[in-house]
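For reference, the structure discussed in these notes is given below.
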Amino acid sequence: MSKLDYEGATSSQFSASDADISVISSDNVLFRLHRTNIEVQAGGFTPINQQRLPEPAHVLVILFQFLYPQRHPKLTNTRFETVQALATAAERYKIFSAMHISQVRLREFLPQCAKEILKYAIEFDYLDLVDETALLCARSPVCDMLIDLPSQVWVPWLIRLYLSPCRHYTTKPGKRCLKP
Numbered sequence: 016m017s018k019l020d021y022e023g024a025t026s027s028q029f030s031a032s033d034a035d036i037s038v039i040s041s042d043n044v045l046f047r048l049h050r051t052n053i054e055v056q057a058g059g060f061t062p063i064n065q066q067r068l069p070e071p072a073h074v075l076v077i078l079f080q081f082l083y084p085q086r087h088p089k090l091t092n093t094r095f096e097t098v099q100a101l102a103t104a105a106e107r108y109k110i111f112s113a114m115h116i117s118q119v120r121l122r123e124f125l126p127q128c129a130k131e132i133l134k135y136a137i138e139f140d141y142l143d144l145v146d147e148t149a150l151l152c153a154r155s156p157v158c159d160m161l162i163d164l165p166s167q168v169w170v171p172w173l174i175r176l177y178l179s180p181c182r183h184y185t186t187k188p189g190k191r192c193l194k195p
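For any residue, its number in our numbering is found by taking its place in the sequence shown, counting from 1, and adding 15.
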């Protein structure tokens, strides 16, 4: 796709004339990238020209900075929704340097955003983050958690929820709680 073929907005930060890959964000912003950088830095991004991506431009501007040899963004003062979208995109395209900083920043949003971070941790198999966030979500209403959690997590969540009081709380004098 040449610059003349596209009539929408073009990213000012990613518009090199010698770029050989063009991608378009979900909000129709054109990004011109270098195939070599994508091949070296992104393990899950298939560099096809004229590719439309599901992420909005403000997320891709941050994500694509991790493809180039420069100081990576620190993501300080970045809103939770943006960090969450960046973390998901970094996982999707296997941009490992972005994956790490996104996880670090997501932890800083605990406990306020524990449920959303738990969903992310389950989806991308970060067991240490699952453990950390599950404890913070343990007192959330069961219906809310079941709606938001993937179906493969429901049964273990319910078993843990309903069997754990026997292990953690004392019973009335003279009564014993059966061990699961």
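Ideal placement from N, C-alpha and C gives every residue a C-beta, glycine not left out.
Distance from the CA of Pro88 to the CA of Ile137, rounded to the nearest whole angstrom, comes to 25 Å.
For Gln118, DSSP records no beta bridge to any residue. Cβ-Cβ separation between Ile110 and Phe81: approximately 5 Å, consistent with a contact (criterion under 8 Å).
Considering only Ala153, Lys134, Leu144 and Pro126, the residue with the shortest C-alpha distance to Gln118 is Leu144. Comparing alpha-carbon positions, the option among Phe29, Lys130, Phe95 and Gln56 lying closest to Pro165 turns out to be Lys130. Glu70 places its beta carbon less than 8 Å from that of Ala100. Distance from the CA atom of Tyr108 to the CA atom of Met160, rounded to whole angstroms, is 28 Å.
Closest in C-alpha terms to Ala153, from the list Pro171, Asp140 and Tyr141, comes Pro171. Val76 and Ile162 have their alpha carbons spaced roughly 32 Å apart.
Judged by DSSP secondary structure, Thr93 falls outside any beta strand (DSSP E); it is assigned neither H nor E.
For the pair Leu68 and Ile39, the CB atoms are nearer than the 8 Å cut-off. Beta-bridge pairing by DSSP links Gln127 to no other residue.
For Gln28, the CB contacts under 7 Å within the same chain, skipping 5 residues up- and downstream, are Val76 in chain order. When DSSP states are grouped into helix, strand and coil, Thr61 belongs to the coil group.
Going by C-alpha positions, Gln167 is about 12 Å away from Lys134.
Relative to Arg94, the option among Leu45, Val44, His73 and Ser41 whose CA is nearest is His73. Taking C-beta atoms as the reference points, Val98 and Leu125 fail to come closer than 8 Å.
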